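Engineer: In this note's numbering, the protein residues as written are 713 to 893.
Just so you know, even glycine gets a beta-carbon here, dropped at the ideal spot from N, CA and C.
Since the model is a prediction, treat every value here as computed from it, not as a measurement.
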């Protein structure tokens, strides 16, 4: 009787373990597919879930996503933020250090889109990204920007994943698509 009970418990344990493994494999596969979808959009110069491609004008960004809450700069790189229909930040080919500070003309060209992982509806680590996309072109900790970067070269564009942690797990917080031209 004790042997049957033991075998029944062992069988249940194996089945539960297999079921947990299947759920984890499904979750990992789903995450990998989501990360691959981010790359597929980036190959076209777009952020996943957004219709505007890089090299669009500032006026097109405003037309699609509304007036920005503000315009600022990061190391002289001008960007708009707080658009009513998007949580992304849009960076433009305008040098705030050399030209009029934080002023964007309608024809100024979009050359970077930066989105939080929350807006992309995915949680991922640097390891998840490398498992889905392979070895990045560059991978490093940037002291100046206080972030861990994984950069993938997509010919005309770079796909960048940014984490704030130096140690594992490095949780990705932002994803960026940047024009290389």
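Taking the straight line between their C-alpha atoms, what separation do you get for residue 823 and residue 761?
Structural biologist: Residue numbering aside, residue 823 sits at position 111 when the chain shown is read from its first letter. Residue numbering aside, residue 761 sits at position 49 when the chain shown is read from its first letter. Cα to Cα, the separation comes out at about 17 angstroms.
Engineer: Is it buried or exposed for residue 888, if we count other Cβ within 10 angstroms and need 16 for buried?
Structural biologist: The residue labelled residue 888 in the question sits at position 176 within the chain shown. Buried is the call here.
Engineer: With a threshold of 16 other CB atoms inside 10 Å of the CB of residue 855, please say whether the residue is buried or exposed.
Structural biologist: Here residue 855 is taken as the residue at index 143 of the chain shown, counted from 1. With fewer than 16 other Cβ atoms within 10 Å, it is exposed.
Engineer: Comparing alpha-carbon positions, which option in 850, 799 and 819 lies nearest residue 828?
Structural biologist: Reading the chain shown from its first residue, position 116 is the one you call residue 828. Checked all of 850, 799 and 819; the closest Cα to residue 828 is 799.
Engineer: Can the beta-carbon of residue 831 be found less than 7 angstroms from the beta-carbon of residue 801?
Structural biologist: To locate residue 831, count along the chain shown from 1; it is residue 119. To locate residue 801, count along the chain shown from 1; it is residue 89. No, the Cβ-Cβ distance between residue 831 and residue 801 is not below 7 angstroms.
Engineer: Could you name the residues of the same chain whose beta carbon sits closer than 7 angstroms to that of residue 863, not counting the 5 residues immediately before and after it, in chain order?
Structural biologist: On the chain shown, position 151 is the one that residue 863 refers to. Counting only Cβ-Cβ distances below 7 angstroms, and skipping sequence neighbours, we find 848, 849, 850, 870 and 872.
Engineer: If distances are taken between C-alpha atoms only, which option among 776, 741, 754 and 747 comes closest to residue 891?
Structural biologist: Residue numbering aside, residue 891 sits at position 179 when the chain shown is read from its first letter. Out of 776, 741, 754 and 747, 754 has the C-alpha closest to the C-alpha of residue 891.
Engineer: Could you check where the alpha helix (DSSP H) with residue 839 kicks off and where it finishes?
Structural biologist: Along the chain shown, one-based indexing puts residue 839 at 127. Counting along the chain, the alpha helix (DSSP H) containing residue 839 begins and ends at 838 to 845.
Engineer: Look up residue 883 in the DSSP assignment and give the residues it is bridged to.
Structural biologist: To locate residue 883, count along the chain shown from 1; it is residue 171. Answer is 837, bridged to residue 883.
Engineer: Whether or not the stretch 742 to 752 and the stretch 764 to 782 are in contact is what I'm after, with contact meaning three or more pairs of Cβ atoms, one per stretch, closer than 8 angstroms; do they touch?
Structural biologist: Judged by Cβ distances under 8 angstroms, the stretch 764 to 782 makes no contact with the stretch 742 to 752, as fewer than three pairs qualify.
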